[in-house]
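**Student:** Handing you this structure, nothing more for now.
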Amino acid sequence: MSSDDSNNISPISRDADAVACSPSSTAVTYSDNPSPSSLPTVAPDPLSWPPDGKLCLEWIQHLMSVFEWSSRNLAPSAFPSVFPVPVFDALVLTASKILHKEPNCLQINIPDSDSTVVVVGDLHGQLHDLLFLLQDAGFPAQNRIFVFNGDYVDRGAWGLETFLLLLAWKVFMPHRVFLLRGNHESKYCTSTYGFEKEVLAKYGDKGKHVYRKCLGCFEGLPLASIIAERVYTAHGGLFRSISVTPSRRSKGKKNRRINLIPEANALCLGSLEELSKARRSVLDPPWEGLNLIPGDVLWSDPSMKPGLSPNKERGIGLLWGPDCTEEFLKKFKLKLIIRSHEGPDAREKRPGLGGMDEGYTIDHDVESGKLITVFSAPDYPQFQATEERYNNKGAYVVLKPPRFDNPEFHSFEAITPRPKVNPYYDFEEVIDSDEDLDLASMVTTDL
Numbered sequence: 001m002s003s004d005d006s007n008n009i010s011p012i013s014r015d016a017d018a019v020a021c022s023p024s025s026t027a028v029t030y031s032d033n034p035s036p037s038s039l040p041t042v043a044p045d046p047l048s049w050p051p052d053g054k055l056c057l058e059w060i061q062h063l064m065s066v067f068e069w070s071s072r073n074l075a076p077s078a079f080p081s082v083f084p085v086p087v088f089d090a091l092v093l094t095a096s097k098i099l100h101k102e103p104n105c106l107q108i109n110i111p112d113s114d115s116t117v118v119v120v121g122d123l124h125g126q127l128h129d130l131l132f133l134l135q136d137a138g139f140p141a142q143n144r145i146f147v148f149n150g151d152y153v154d155r156g157a158w159g160l161e162t163f164l165l166l167l168a169w170k171v172f173m174p175h176r177v178f179l180l181r182g183n184h185e186s187k188y189c190t191s192t193y194g195f196e197k198e199v200l201a202k203y204g205d206k207g208k209h210v211y212r213k214c215l216g217c218f219e220g221l222p223l224a225s226i227i228a229e230r231v232y233t234a235h236g237g238l239f240r241s242i243s244v245t246p247s248r249r250s251k252g253k254k255n256r257r258i259n260l261i262p263e264a265n266a267l268c269l270g271s272l273e274e275l276s277k278a279r280r281s282v283l284d285p286p287w288e289g290l291n292l293i294p295g296d297v298l299w300s301d302p303s304m305k306p307g308l309s310p311n312k313e314r315g316i317g318l319l320w321g322p323d324c325t326e327e328f329l330k331k332f333k334l335k336l337i338i339r340s341h342e343g344p345d346a347r348e349k350r351p352g353l354g355g356m357d358e359g360y361t362i363d364h365d366v367e368s369g370k371l372i373t374v375f376s377a378p379d380y381p382q383f384q385a386t387e388e389r390y391n392n393k394g395a396y397v398v399l400k401p402p403r404f405d406n407p408e409f410h411s412f413e414a415i416t417p418r419p420k421v422n423p424y425y426d427f428e429e430v431i432d433s434d435e436d437l438d439l440a441s442m443v444t445t446d447l
C-alpha cells in the first residue's frame, strides 16, 4: 500500500450511493422496538441476491426484519433457510471488493453543510441492540454518515447477522458507511470467543467455507479513519513508530537477506504516513516483528501514566498517556480521538480511568482536544447471570457540523427480552478477552 493511500477516498458525492430499487421490490417496515408479536407469524421466504447486484433500502429493511424474526423463531441450524449460502457468498464478495480497495486510514471528507457523523463502538454480536441503534440514530443516509469502530462479532450469539447486516449497508452506501477492523475480527479471537462455532452451528457442512470467507473479509477492513480533518477513530487507538536497524548479514548463499528488527531502546508515536504503509491483510495482527502497527491500532489502550509502554496485560499493543494524546492531536491538527475496545469488564480493572456505565468515557482532556472511548453493547456480556452482568448502557457518538469536534453522546438500554440461545464459547472460563492471550496460537506471517 503506497504512502498516498490515506488520501485516496474522494469527497462524498450525492450520486455515489444512488442505487435504484426495482419496481418489484417489497418493502418490509421495521418497527422501532420490534417484539415477537409484531414480527411475521410465518417463515419468510429465503432472501435472494438482486439480479443486477444492486442493493436498495427495501432489501436491507427486509434483511433486518428476517434476521430479527429468525433470531426468535428458528434454530441456529435453520439459518440457511432464510439466508442461503449463495446470498452469503454474493454479499461478502461484493463487500470485500469494496473494503480491500480502501486505504488503511480512511479520509472521510464531508462537503455537505448539513451532514452528521455517527461513531459506533463494540457491538459483539448483539444484533437486537444494533437494530435499535440504527433506528435511534437514524439509518445511514445522504446526510448521515456512520463509522463503526470494529468488534462486530464474538461473545454475543448473533455475530454473523450483525456483520452481514453491516456489510449490506456498506454495499448499499459505500461512501456513507465505513467499517473499521476490531481486534475480534481475527482468527485467534473468533476461534476463542465464539464466532467460529457460531458460524459452524448455523451453516453446518458449509460452515468452514463461510468462516473462511468471513476471515478474508476481516483482512480487508481498514484500520482507522480521519473525519473532516479533525477526528481520528480506531478500535484500540494510537500506535508506535517502526524504526529499524539492520542486523548482521547471515553467511551462506541460502541466507543472504538482511533481517531488520525494530529498535527496542525507545518507543515513540507513529505517523499517519507509517499507518498508511502498514500491512493489514493478516489473519492475526503480529505481536512481534516488523508489522506491529496493526496490532497497536487494534489492541492498545489509554493510560493515565505519561508516555508509551508495552501493554503487558494484553500481551500485544501499547499503553499511552495523556501526553501522547496531546502530541498526536497537535501534530496532526486534530481535536478528537474516538476509540472503543474497552467494555465495563475491562474498565473495572483500570483504576484512574472512567467506568463504562453510560457506554462512553472521556479518558484524556488535554490542551488540543479529547480522547473518548465509546462502547455500544449494552447489558454486557450477554450470557453472564443477571447479577454478574454490568447492566451498562451502550452509547454512540454524534458529530455535527461545522467543526465536528463537539461530540454528542447518546446512551441507550439493552433491548429486552433477548431471545433464548446457548452461548458459543465457554463464558465461565473465558470471561475477559483482555488478558492471557495465547500468542503462540495467533496466525501471523511477520514473525
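Quick note on full-length UniProt numbering: the sequence shown kicks off at 1 and runs consecutively.
We put the beta carbon where it would ideally sit given N, CA and C, even for glycine.
Name the residue from Pro401, Leu57, Phe172 and Gly355 whose alpha carbon lies nearest to the alpha carbon of Ile227.
**Tutor:** The count along the sequence shown starts at 1 and reaches residue 227 at position 227. It is Pro401 whose Cα lies nearest to the Cα of Ile227.
**Student:** Taking C-alpha atoms, which residue in Gly369, Pro351 and Glu342 lies nearest to Lys330?
**Tutor:** Here residue 330 refers to the residue found at position 330 of the sequence shown. Considering only alpha carbons, the answer is Gly369.
**Student:** Using 10 angstroms around the beta-carbon of Cys268, count the other beta-carbons present and answer buried if the total reaches 16, otherwise exposed.
**Tutor:** Here residue 268 corresponds to residue number 268 of the sequence shown, with the count starting at 1. The residue is exposed, with fewer than 16 neighbouring Cβ atoms inside 10 Å.
**Student:** Compute the Euclidean distance between the alpha carbons of His62 and Trp69, then round it to the nearest angstrom.
**Tutor:** Here residue 62 is taken as the residue at index 62 of the sequence shown, counted from 1. Here residue 69 is taken as the residue at index 69 of the sequence shown, counted from 1. Cα to Cα, the separation comes out at about 10 Å.
**Student:** Consult DSSP for Val282 and reduce its assignment to one of helix, strand or coil.
**Tutor:** Start at 1 with the first residue of the sequence shown, and residue 282 comes out as number 282. Three-state result, Val282: coil.
**Student:** Closer than 8 Å by C-beta to Leu319: which residues in its own chain qualify, once you throw out the five before and the five after it? Chain order, please.
**Tutor:** By 1-based counting over the sequence shown, the position of residue 319 is 319. Here the set comprises Ser300, Asp301, Pro302, Ser303, Lys305, Leu308, Ser309, Pro310 and Asn311.
**Student:** Look at Glu326 and Val366 and say whether their C-beta atoms are less than 8 Å apart.
**Tutor:** Your numbering for residue 326 matches position 326 in the sequence shown. Your numbering for residue 366 matches position 366 in the sequence shown. Yes.
**Student:** If we ignore side chains and look at the alpha-carbon of each, how far apart do Phe427 and Pro111 end up?
**Tutor:** On the sequence shown, residue 427 is found 427 positions in, with the first residue counted as 1. On the sequence shown, residue 111 is found 111 positions in, with the first residue counted as 1. One C-alpha to the other measures close to 46 Å.
**Student:** Please classify Glu429 as buried or exposed, where buried requires at least 16 other C-beta atoms within 10 Å of its C-beta.
**Tutor:** For the purposes of this step, residue 429 is taken as residue 429 along the sequence shown, with counting starting at 1. When all chains shown are included, Glu429 counts as exposed.
**Student:** Whose C-alpha, out of Leu290, Pro378 and Ala168, is nearest the C-alpha of Val92?
**Tutor:** Here residue 92 refers to the residue found at position 92 when the sequence shown is read from its first residue. Ranking Leu290, Pro378 and Ala168 by Cα distance to Val92 puts Ala168 first.
**Student:** Output the distance between the C-alpha atoms of Asp136 and Tyr188, rounded to the nearest integer angstrom.
**Tutor:** Within the sequence shown, residue 136 is the residue found at index 136, counting from 1. Within the sequence shown, residue 188 is the residue found at index 188, counting from 1. Cα to Cα, Asp136 sits roughly 33 Å from Tyr188.
**Student:** Just how far apart, CA to CA, sit Ser2 and Lys277?
**Tutor:** Numbered from 1 along the sequence shown, position 2 holds the residue referred to as residue 2. Numbered from 1 along the sequence shown, position 277 holds the residue referred to as residue 277. Confidence is the limiting factor: at Ser2 the pLDDT is only 38, short of 50, which leaves the residue's position unreliable, though a coordinate-based value still follows. Going from the Cα of Ser2 to the Cα of Lys277 covers about 6 Å.
**Student:** In angstroms with no decimal places, state the Cα-to-Cα distance between Ser271 and Phe328.
**Tutor:** Mapped onto the sequence shown, residue 271 falls at position 271. Mapped onto the sequence shown, residue 328 falls at position 328. Whole-angstrom Cα-Cα distance: 9 Å.
**Student:** Using the C-alpha atoms, what's the distance from Leu292 back to Gly150?
**Tutor:** As a working mapping, residue 150 is identified with position 150 in the sequence shown. As a working mapping, residue 292 is identified with position 292 in the sequence shown. Rounded to whole angstroms, Gly150 to Leu292 spans 18 Å at the Cα level.
**Student:** How far does the alpha helix (DSSP H) with Ser71 in it reach, from first residue to last?
**Tutor:** In the sequence shown, residue 71 corresponds to position 71, counting from 1. Per DSSP, Ser71 belongs to the alpha helix (DSSP H) from Leu57 to Asn73.
**Student:** For the alpha helix (DSSP H) holding Phe362, just list the boundary residues, first then last.
**Tutor:** Counting from 1 along the sequence shown, the entry for residue 362 is found at position 362. Note on identity: in this sequence residue 362 is Ile, with Phe being the wrong assignment. Run containing Ile362: none in the alpha helix (DSSP H); it sits in the beta strand (DSSP E), Tyr360 to Val366.
**Student:** Among Leu99, Asn391, Tyr424 and Lys333, whose alpha-carbon lies nearest the alpha-carbon of Leu166?
**Tutor:** Counted from its first residue, the sequence shown places residue 166 at position 166. The candidate whose alpha carbon is nearest that of Leu166 is Leu99.
**Student:** Could you tell me the alpha carbon to alpha carbon distance between Leu336 and Cys324, rounded to whole angstroms?
**Tutor:** Counting from 1 along the sequence shown, the entry for residue 336 is found at position 336. Counting from 1 along the sequence shown, the entry for residue 324 is found at position 324. Leu336 and Cys324: Cα-Cα distance of roughly 13 Å.
**Student:** Going along the chain, which unbroken runs of the alpha helix (DSSP H) with 4 or more residues stay wholly within the region 343-431?
**Tutor:** Entirely contained in the region 343-431, the alpha helix (DSSP H) runs reaching 4 residues are, in chain order, 344-347.
**Student:** Per DSSP, Thr190 is paired with what?
**Tutor:** Taking the sequence shown and counting its residues from 1, one reaches residue 190 at position 190. Per DSSP, none; premise fails for Thr190.
**Student:** Would you say Pro378 and Phe409 are within 8 Å of each other, going by their C-beta atoms?
**Tutor:** Working through the sequence shown from its first residue, we reach residue 378 at position 378. Working through the sequence shown from its first residue, we reach residue 409 at position 409. No, these two residues do not count as a Cβ contact at 8 Å.
**Student:** Thr26: buried (16+ other C-beta within 10 angstroms of its C-beta) or exposed?
**Tutor:** Numbered from 1 along the sequence shown, position 26 holds the residue referred to as residue 26. With a pLDDT of 37 at Thr26, under the threshold of 50, the modelled position of that residue is not reliable, and no figure is offered here.
**Student:** Nearest by alpha-carbon distance to residue 466: which of Ser113, Pro222, Asp345 and Thr233 is it?
**Tutor:** Summary: the structure shown does not reach residue 466, with the chain confined to residues 1 through 447, and so no result is reported for it.
**Student:** Would you mind giving the Cβ-Cβ distance between Gly343 and Ile316, rounded to the nearest angstrom? I have them listed as a contact below 8 Å.
**Tutor:** Indexing the sequence shown from 1 puts residue 343 at position 343. Indexing the sequence shown from 1 puts residue 316 at position 316. Not really, about 18 Å apart at Cβ, beyond 8 Å.
**Student:** Report all residues from its chain with a CB closer than 6 Å to the CB of Tyr232; omit the five preceding and five following residues, and keep chain order.
**Tutor:** As a first step, residue 232 is located in the sequence shown; it is residue number 232 there, counting from the start. Result list for Tyr232: Ile226, Leu334 and Ile337, in chain order.
**Student:** Compute the distance between the beta-carbons of Ala234 and Arg339, then report whether it is under 8 Å.
**Tutor:** What you label residue 234 is simply residue 234 of the sequence shown in a count that begins at 1. What you label residue 339 is simply residue 339 of the sequence shown in a count that begins at 1. Against a cut-off of 8 Å, the Cβ pair of Arg339 and Ala234 comes out as a contact.
**Student:** According to the Cβ coordinates, are Ile372 and Phe132 closer than 8 Å?
**Tutor:** Locating residue 372 in the sequence shown gives position 372, where the first residue counts as 1. Locating residue 132 in the sequence shown gives position 132, where the first residue counts as 1. The answer is no: Cβ separation not under 8 Å.
**Student:** Would you kindly check if the distance between the Cβ of Asp154 and the Cβ of Phe195 is under 8 Å?
**Tutor:** Residue mapping note: residue 195 aligns to position 195 of the sequence shown, counting from 1. Residue mapping note: residue 154 aligns to position 154 of the sequence shown, counting from 1. Yes, they are a contact pair.
**Student:** Leaving out five residues on either side along the sequence, give the residues of the same chain with a beta carbon under 7 Å from the beta carbon of Ser376.
**Tutor:** Locating residue 376 in the sequence shown gives position 376, where the first residue counts as 1. Same-chain partners within the cutoff: Val120, Gly121, Asp122, Leu123, Leu133, Gly359, Gly394, Ala395 and Tyr396.
**Student:** What's the gap between the Cα of Val87 and the Cα of Leu353?
**Tutor:** In the sequence shown, the residue the question calls residue 87 occupies position 87. In the sequence shown, the residue the question calls residue 353 occupies position 353. If you take the alpha carbons of Val87 and Leu353, they lie about 44 Å apart.
**Student:** In chain order, what are the residue ranges of uninterrupted beta strand (DSSP E) at least 3 long that sit wholly in the region 134-205?
**Tutor:** Within the region 134-205, the complete beta strand (DSSP E) runs of at least 3 residues are 144-148 and 177-179.
**Student:** CA-CA distance, Ser241 and Leu275?
**Tutor:** Residue numbering aside, residue 241 sits at position 241 when the sequence shown is read from its first letter. Residue numbering aside, residue 275 sits at position 275 when the sequence shown is read from its first letter. For Ser241 and Leu275, the distance between alpha carbons rounds to 9 Å.
**Student:** For the candidate residues Asp345, Asp405 and Asp363, whose alpha-carbon lies nearest to that of Tyr380?
**Tutor:** Here residue 380 refers to the residue found at position 380 when the sequence shown is read from its first residue. Nearest C-alpha to Tyr380: Asp345.
**Student:** Between Trp49 and Ala90, which are expected to be in contact by the criterion C-beta below 8 Å, what is the C-beta distance as a whole number of angstroms?
**Tutor:** Position 49 of the sequence shown, counted from the first residue, corresponds to residue 49. Position 90 of the sequence shown, counted from the first residue, corresponds to residue 90. Contact flag correct, Cβ pair sits at about 4 Å.
**Student:** For the beta strand (DSSP E) containing Ala95, list its first residue and its last residue.
**Tutor:** Translated into positions along the sequence shown, residue 95 becomes position 95. That residue, Ala95, is in no beta strand (DSSP E); its alpha helix (DSSP H) goes Val85 to Lys101.
**Student:** DSSP three-state call for Ala224: helix, strand or coil?
**Tutor:** Numbered from its first residue, the sequence shown carries residue 224 at position 224. Strand, per DSSP.
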